[in-house]
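Notes for the one structure printed next.
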Amino acid sequence: MTDMKYKRVLMKLSGEALAGEKGQGINLDTVSEIAQDLKEVHDLGTQIAIVVGGGNLWRGEPAAQVGMERSRADYTGMLGTTMNALVLQDALERAGVDTRVQTAITMQQIAEPYIRGRAIRHLEKGRIVIFAAGTGSPYFSTDTTAALRANEINADAILMGKNGVDGIYDSDPNKNANAVKFSELTHLDILKRGLKVMDSTASSLSMDNNMPLVVFNLNTPGNLKRVVLGENIGTTVTG
Ligand code: UDP
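Spelled out as structure tokens, the structure:
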């Protein structure tokens with residue numbers, strides 16, 4: 001078997017990653033490309049759980065800012081993540097990977113409810129498990145969901161694929177040509193410097209539980225495999 005650095009990973013896929021160039025909605029070709037990358041890593045024998053975001057379809061906070069009740073706006077966002085989960089599930093199944101979707105809000109006609117033990121069993125059986133509907137609670141994010149689920153399933157790391165950015169920089173590399181990339185950081189560094197990687201709840205949860213995070217560029221095919229095999233192509237964040 002190939003020597004893997006990470007044997008069980010929690011992949012955080014933002015909604016934007018599924019949107020392609022438009023940055024909004026769902027681009028089925030883009031989703032198929034991501035599914036191929038995931039299949040490649042799955043074929044190595046890596047156990048993969050995925051938390052999908054929903055920002056390509058809806059975000060609760062901006063809707064609340066223009067008058068919508070915040071919790072209802074957030075529940076709408078959680079439904080958006082579930083749409084993304086079903087589309088991703090379909091692409092993975094078409095690629096020949098066995099999958100299960102588990103939702104934090106019960107929707108028994110379309111997916112299993114989130115049950116930790118069952119999720120772990122699916123992983124052990126070689127199924128990719130997609131966690132949808134975030135934490136099931138408003139005021140949280142899918143980054144926090146990723147930190148929470150990664151700890152719950154005893155993942156070796158959270159892998160965070162970014163769109164076109166190859167790691168964590170000291171300032172926005174799209175705006176500042178002199179931005180410097182970090183190859184290693186701690187969660188505390190991120191919190192202290194206010195770096196925009198995960199939200200602070202997700203960073204705190206990861207720091208308190210020593211959960212490593214790897215940030216890398218998802219847009220280059222094969223990068224996910226390189227990360228799992230231990231190549232430091234992005235930024236590795238440790239406790
Ligand atoms: N959301 C929530 N609770 C959660 C996870 C998500 O209320 O535990 C809502 C929130 O409104 C958020 C939206 O779902 O704006 C989409 O999730 P997120 O913004 O994390 O998606 P991403 O940025 O990763 O695409």
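The numbering of the sequence shown is UniProt numbering, which starts it at 1 and goes up by one.
Think of the CB as a built atom: it goes at the ideal place given N, C-alpha and C, for glycine as much as any other residue.
If you're wondering where the values come from, they're calculated on a predicted model, not measured in any experiment.
- In this structure, N27 lies away from L57, with their beta-carbon atoms at least 9 Å apart.
- The count of Cβ pairs closer than 8 Å, one atom from the segment 162–172 and one from the segment 92–110, stays below three, leaving the stretches out of contact.
- If you draw a straight line from the Cα of M207 to the Cα of L86, it is about 31 Å long.
- Residue range A157 to K162 is occupied by the beta strand (DSSP E) that includes K162.
- By a beta-carbon distance limit of 8 Å, M160 contacts V215. Their separation comes to about 5 Å.
- For T103, no alpha helix (DSSP H) encloses it; the enclosing beta strand (DSSP E) starts and ends at T99 to T103.
- Taking the CA atoms as reference points, F140 sits about 8 Å from G134.
- Take M4, set aside five residues on each side of it, and the residues of its chain with a beta-carbon closer than 8 Å to its own are L44, G45, T46, V228, L229 and G230, in chain order.
- The shortest C-alpha to C-alpha distance from R8 to any of M211, G55, T144 and G60 is the one to M211.
- For the options R70, G117, D156 and K192, the alpha carbon positioned closest to that of P138 is the one of R70.
- In this structure, the C-beta of T144 approaches the ligand UDP to less than 8 Å from one of its heavy atoms.
- The Cβ neighbour count for R127, taken over all protein chains shown within 10 Å, is at least 16; the residue is labelled buried.
- Considering only Q89, I120 and I48, the residue with the shortest C-alpha distance to A111 is Q89.
- Ranking E152, V180 and D189 by CA distance to the CA of T238 puts D189 first.
- Leaving aside the five residues that flank A95 on each side, the residues in its chain whose CB is nearer than 7 Å to its CB run, in chain order, A35, Q36 and K39.
- When distances are taken from the beta-carbon of P113 to the heavy atoms of the ligand UDP, even the shortest one reaches 8 Å or more.
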